[in-house]
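With the working numbering, letter number 118 in the sequence shown gets 1458, and the count goes up by one each step, no holes.
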Amino acid sequence: MDAASRVARLLDELRELNDSPPPGEFGLSAAHERALLVDSCVAEIFEGGDIDDGVALVALGGYGRGELAPHSDVDLLILHDGVKRIRDVAEKLFYPLWDARIEVGHAVRTPKESASEAEARLDVAASMLDARLLAGDEGVFEDMLSRVLKRVRRDPEAFAGRLAQDNLRRHERFSSVSRNLEPDLKEGAGGLRDIDSLGWLAKSLGAGHGLAELGELGLLRAREVSLLDEAREFLFRARSWLHLSAGARTDRLVMEQQPPMAAQLGFDDQPGLPAPDALMRAVFEHGRAAQYLVQAAFARHSRPERDRTASIEATPERVLAVFAEAAERGSPVPPSLLDAVDRTGLQDPVEWTAGVRDEFLRILRTAHPSAVLESLDRLGLLVAFMPEWAPVRCRPQRDPFHRFSVDVHLFEALDEMGALLAGDSPGDAVAAEAASAVRDPDALLVGALMHDIGKVGSGNHVEIGGEVADQALQRMRLPEGTRELAHFLVSKHLLLSDTATRRDLADEDLVLDVAARVGDQEHLAALYLLTTADAAATGPQAWTPWRATLIRELVSKVQHVFERGDMDPEAAGALAQRTSEIRDALNEADPEEVGRFLERMPRTYLLTMPAEDAASHFPLVAPPLGPGEFRSIERLGGRPGTYRISVAAADRPGLLLRITGALALAGFSIHSAQVFTTEDGVAVDVFDVEGTFEEEVDDERWGQFRKALGEALAERLSLEDMVREKRLYYPPPRADVPMEVTVDNEASDFYTVIEIGAPDRIGLLFDLTSALFELQLDVHLAKVATYGGRVVDAFYVRDRLGRKVEDRDRVEEIERSIADRLRD
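In structure tokens, the structure reads:
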């Protein structure tokens, strides 16, 4: 059989193996089988030629180890002792393989050249440490191997240092298998290349290539060897699946490939953990174990300790103290102490004492607490101290913002919070001011560590997180104030970012609502710092200049609310009390509908409207309103002879003037008015009125009002002419009451406030709202009161573009126009 036929047969056999790997197997056993197939083919071709003595065919790299992934290169070396016909040998071997489009890494060298190349280039040295003789002269192969090993073992410390530095450079480029949501399974930290580097380290120390040899050298414990073997097998299976799925060499596990890989590798959906997430949890766990153990083995080699049987007191407090002391020194925990900690066998879960709490907080206060907590986690101890950590451990996140798994994100947020509290916030004056206002930094550190603890794969993670955090914080024996603030941060950590990016920051009621939920300035400062730390730990898209500007604007407005005293703890308590009273009054309604009603209503409405009235407005507001539709309800007022009428309608320019005009036409005098607008544009206007002449108002009069309002909304009558005519039958206003019009832009951050004092008269409120309509001003809130013969009205307005009116000429026009209308 000629070379081409041999290669064709090899390709058929490889395709059959790749198309139908052993059941459920993509791992190392299939890789060994591929390597054996290639061995037989290339050896047959090589030996079928006219080969002189002094020539050998050598497998290198992964193929040399007998680990041939489906689409990895077949790395071959033709080794010779200087024979002249070596070019012909190479061509007869390589060309058939190239013609068949088999990816072949090839080299032709002498033993001396091989040793020189190995000394000059680490990748060549590593490749030749995995060398395996396939065919030809064994003597020349042994000569090459001895030369290479001699160069490597001449200074094993230097070689180990080169391996460690190469790992670090690779980690910087490819990130970490356990920290990247789309990891590189080969080149990332904790990936297959890291594990291979331990084999090269073992060879340089005179041992075999296996991980077990490192155990014999004291660089790995038996359990660690087992963990690394499991990681290597799992990651190789996943990488092989990638090759077979793509039909090409690829090592990065992207999001789109995770569901089919999960199905193929036998992962099933579990409650709260879909199969793709279960797959990635396994990837992260194996990658984390491999990264830690590879680093530990190199550390044990570079810092050999005399006492590898160190011991510590087997108490939770002492274990944490070991880690806290190392963190304060800025150095990793010595391997001997890690081994000693691992041998303590702490009970799971750990019972918290005051000492455990103090040592845990001591860790959180260090410069980079995440490194310490990750070490605890890799030893399986973090879950012992915090059982709530188990559901978020190695849990992937599937959104365009997050870069890390949930637990890594929490570690990163903790580090970011520590930096902010230490004043490391260049360019963010708000963060610096907020940090200076914090009186309990421990609460912020704990809050940062736990803010996403509710991401357990089901339900609203903020609500769940609040419940989970409450249990954990109680068990941790934190002081009451620390516990309260940390719980607040967990349960409200999205408040600023969601509000700033999704809601209208020009809405005063929105800002009052945020202020009520926050409570005070210290909580606001803490929440801003967590929002900043959370965004920095999430990724660049979570803290763009646009998002940062919106959040800082919201914080500034809420801060102003606190400074003015518009929302203090007493007011916040009153708001909570009133909301509870309204819920009680609507206890027979759908709780979800009631919740939506309360969310829609302005905070000023909830603070000022009696629960009985608010409950009566629920059927007016809850069902959707059509464009020309209105609903009204009437009841007796608070004083004899008065009535309270409430009108709900879709907000529109001129709505208020039409309602007041209809009331005037129906013969009502308005004593007070409150005008509110819901967040989705429904006006709720409440008037205290009395009949102008008749003390008792019957159903016919109310019918007249509703008919007039319906026609006014349909624009079928001229309100101004009819009100002017109606006024002829009423007494004129008192002449001794002064008239005042004031435009104030300081009273509110959001609206221009127009205050009007004038003598009362029939249709006065209609006249005022008509003037505002003609001035193209939208009324968001109106407060109208009558004192004897004097009316004092306040209108909170913005222009048609939603802005305050601050132009001086425009302000003068408003004052002049309203004054002219009052003189009519």
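Every residue gets a Cβ at the ideal spot worked out from N, C-alpha and C, and that includes glycine.
No experiment lies behind these values; they were computed from the predicted model shown.
{"query": "Proximity below 8 Å, CB of Glu-1893 to CB of Leu-1845", "result": "yes"}
{"query": "Any non-hydrogen atom of the ligand NAD within 7 Å of Pro-1727 CB", "result": "No copy of the ligand NAD appears in this structure; indeed no ligand is present at all."}
{"query": "Euclidean distance between Cα positions of Arg-1493 and Ser-1642", "result": "15 Å"}
{"query": "For Glu-1952, the nearest candidate out of Ala-1465, Asp-1439, Arg-1441, Asp-1924 (CA to CA)", "result": "Asp-1924"}
{"query": "Spatially closest choice to Lys-1424 from Ala-1447, Ile-1391, Asp-1534, by CA coordinates", "result": "Ile-1391"}
{"query": "Check whether Val-1696 and Pro-1656 have beta carbons under 8 Å apart", "result": "yes"}
{"query": "Neighbourhood of Ala-1615 by C-beta distance below 6 Å, restricted to the same chain and skipping five residues each side", "result": "Ala-1602, Phe-1607, Asp-1608, Asp-1609"}
{"query": "Assumed close pair Val-2022, Ala-1988 - CB separation to whole angstroms, cut-off 8 Å", "result": "6 Å"}
{"query": "First and last residue of the uninterrupted alpha helix (DSSP H) at Ile-1426", "result": "1426 to 1439"}
{"query": "Validate contact between the stretch 1751 to 1758 and the stretch 1814 to 1822 using beta carbons, cut 8 Å, 3 pairs", "result": "no"}
{"query": "Unbroken beta strand (DSSP E) run spanning Ile-2010, endpoints", "result": "2008 to 2017"}
{"query": "Option in Leu-1469, Asn-1520, Phe-1574 with minimal Cα separation from Leu-1368", "result": "Phe-1574"}
{"query": "Start-to-end residues for the beta strand (DSSP E) that takes in Asp-2133", "result": "2130 to 2139"}
{"query": "Spatial distance of Asp-2160 from Ser-2009 (CA atoms)", "result": "22 Å"}
{"query": "Beta-carbon gap between Arg-1510 and Glu-1527 smaller than 8 Å", "result": "yes"}
{"query": "Contact the stretch 1473 to 1482 vs the stretch 1380 to 1389: 3+ CB pairs below 8 Å", "result": "yes"}
{"query": "Integer Cβ distance of Ala-1866 from Ala-1875, believed to fall under 8 Å", "result": "Actually they do not touch by this definition, with Cβ atoms about 15 Å apart."}
{"query": "Span of the alpha helix (DSSP H) around Glu-1952", "result": "1951 to 1961"}
{"query": "Residue range of the unbroken alpha helix (DSSP H) whose run includes Ala-1730", "result": "No alpha helix (DSSP H) holds Ala-1730; DSSP gives it neither H nor E."}
{"query": "Paired residues, beta bridge with Tyr-1983 - DSSP", "result": "Leu-1976, Val-2029"}
{"query": "Inter-stretch contact (C-beta, 8 Å, three-pair minimum) for the stretch 1658 to 1665 and the stretch 1553 to 1569", "result": "no"}
{"query": "Segment limits, alpha helix (DSSP H) that includes Asp-1415", "result": "It is not in any alpha helix (DSSP H) - Asp-1415 instead sits in the beta strand (DSSP E) that spans 1414 to 1420."}
{"query": "Pro-1363 versus Ala-1370: straight-line alpha-carbon distance, rounded", "result": "The predicted model places Pro-1363 with a pLDDT of 44, which falls under 50 and marks its position as unreliable; any figure quoted below should be read in that light. Computed Cα separation, rounded: 10 Å."}
{"query": "Same chain, Cβ closer than 7 Å to Val-1770, neighbours up to 5 away in sequence not counted", "result": "Tyr-1868, Arg-1892, Val-1895"}
{"query": "Same chain, Cβ closer than 7 Å to Ile-1442, five either side skipped, listed in chain order", "result": "Val-1414"}
{"query": "Any 3 or more C-beta pairs closer than 8 Å across the stretch 1402 to 1420 and the stretch 1616 to 1632", "result": "no"}
{"query": "Nearest candidate by alpha-carbon position, reference Leu-1870, set Leu-1761, Gly-2142, His-1708, Thr-1982", "result": "Leu-1761"}
{"query": "Continuous beta strand (DSSP E) stretch holding Arg-1735: start and end", "result": "Looking at the DSSP string, Arg-1735 is not in any beta strand (DSSP E), and its letter there is neither H nor E."}
{"query": "Validate contact between the stretch 1972 to 1990 and the stretch 2030 to 2041 using beta carbons, cut 8 Å, 3 pairs", "result": "yes"}
{"query": "Where Leu-1605 sits in the DSSP three-state scheme", "result": "coil"}
{"query": "Contact set for Leu-2059: own chain, Cβ-Cβ below 6 Å, skip 5 residues either direction", "result": "Gly-2001, Ala-2052"}
{"query": "Inter-residue spacing [alpha-carbon to alpha-carbon] between Arg-1669 and Val-1712", "result": "12 Å"}
{"query": "Own chain, CB closer than 7 Å to Val-1901, minus 5 neighbours either side, in chain order", "result": "Val-1851, Leu-1852, Ala-1855, Met-1907"}
{"query": "His-1583 versus Phe-1638 - alpha carbon distance", "result": "30 Å"}
{"query": "Under 8 Å between C-beta atoms of Glu-1862 and Arg-1998", "result": "no"}
{"query": "When Thr-1919, His-1742, Gln-1737, Leu-1660 are compared against Leu-1722, the one with the closest alpha-carbon", "result": "Leu-1660"}
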